[in-house]
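J.: What follows is a single structure, and I will ask about it in a moment.
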Amino acid sequence: TVNGDPAEQWQYDGHGWLTDISHLSEGHRVAVHYGYDDKGRLTGECQTVENPETGELLWQHETKHAYNEQGLANRVTPDSLPPVEWLTYGSGYLAGMKLGGTPLVEYTRDRLHRETVRSFGSMAGSNAAYELTSTYTPAGQLQSQHLNSLVYDRDYGW
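Here is the structure:
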């Protein structure tokens with residue numbers, strides 16, 4: 329305890345899911361509040377800073393989480409910022425990421441789902457500033473990585 333207030337607080341709901349956690353920091357109550365859907369998936373988190381004496385809210389930030397039809401996390405939307413999206417295929421293999429509608433990175437994979445090309449920078453995809461190409465040995469070991477610039481070029485020996 330600090331001045332009679334609990335220094336840390338942890339709260340759970342009837343399912344045993346963490347709903348609130350807080351601590352005192354420099355005289356302020358700093359907390360994170362979690363929300364879940366009926367499947368137990370995190371749907372939102374709200375971070376707050378309050379004056380513990382008055383209860384006045386000094387700062388707040390909220391982030392929302394979304395899931396695709398398979399139940400895999402595919403979108404995070406922070407307050408006042410564009411959403412970050414994970415583009416997946418199959419059972420959840422990562423195919424790329426977007427910030428708002430802008431591609432950040434895209435992955436090309438072989439039939440074994442190993443990354444063969446990573447496109448990123450500027451606008452990913454066909455207009456990417458950079459492409460990292462990876463090759464593999466017949467045994468599945470990473471054989472080489474080549475970036476379409478002279479800065480990064482690696483070959484591996486096994």
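Numbered by the numbering used here, the letters in the sequence shown go through residues 329 to 486 in order.
Even glycine gets a Cβ: it sits at the ideal position worked out from N, Cα and C.
(1) Do K392 and G372 have their C-beta atoms closer together than 7 Å?
(2) Closest to L370 by C-alpha separation, out of S350, L400, G332, would be which residue?
(3) To test your reading of the DSSP string, which unbroken alpha helix (DSSP H) runs of 4 or more residues are found completely within the region 382 to 427?
(4) Going by the CB atoms, is the gap between C374 and E390 shorter than 7 Å?
(5) Just to confirm my understanding: we take Q337, look at its own chain, exclude 5 residues before and 5 after, and list those with CB closer than 6 Å. What are they?
(6) Which residues bound the beta strand (DSSP E) around Y364?
(7) Roughly how many angstroms separate the alpha carbons of L432 and D366, rounded to a whole number?
(8) Taking its Cβ as the centre, do 16 or more other Cβ atoms sit within 10 Å of E397, making it buried, or is it exposed?
(9) Under a Cβ-count criterion, where at least 16 other Cβ atoms within 10 Å of its own Cβ denotes burial, should E434 be classed as buried or exposed?
(10) For E443, I'd like the list of residues in its chain whose CB is within less than 7 Å of its CB, leaving aside the five on either flank, ordered along the chain.
(11) If you follow the beta strand (DSSP E) that L470 is part of, which residue opens it and which one closes it?
(12) Quickly, what does DSSP pair H351 with across the bridge? List them, please.
T.: Taking the coordinates as given:
(1) Translated into positions along the sequence shown, residue 392 becomes position 64. Translated into positions along the sequence shown, residue 372 becomes position 44. Result yes, Cβ atoms of K392 and G372 sit closer than 7 Å.
(2) Residue 370 sits at position 42 when you count from the first residue of the sequence shown. It is L400 whose Cα lies nearest to the Cα of L370.
(3) none
(4) One-based indexing of the sequence shown puts residue 390 at position 62. One-based indexing of the sequence shown puts residue 374 at position 46. Cβ atoms of E390 and C374: closer than 7 Å.
(5) Residue 337 sits at position 9 when you count from the first residue of the sequence shown. Closer than 6 Å at Cβ, skipping near neighbours: S350.
(6) Residue 364 sits at position 36 when you count from the first residue of the sequence shown. Its beta strand (DSSP E) spans residues 356 to 364.
(7) For the purposes of this step, residue 432 is taken as the residue at position 104 of the sequence shown. For the purposes of this step, residue 366 is taken as the residue at position 38 of the sequence shown. L432 and D366: Cα-Cα distance of roughly 32 Å.
(8) Within the sequence shown, numbered from 1, the residue matching residue 397 stands at position 69. E397 is exposed by the Cβ-count criterion.
(9) Along the sequence shown, read from residue 1 onward, the residue named residue 434 stands at position 106. E434 is buried by the Cβ-count criterion.
(10) Here residue 443 refers to the residue found at position 115 of the sequence shown. Y435, R437, S462, listed in sequence order.
(11) Taking the sequence shown and counting its residues from 1, the one referred to as residue 470 is at position 142. Taken as a continuous stretch (DSSP letters only), the beta strand (DSSP E) holding L470 covers 470 to 475.
(12) Reading the sequence shown from its first residue, position 23 is the one you call residue 351. Residue pairing by DSSP places H351 opposite E336, V358 in a beta bridge.
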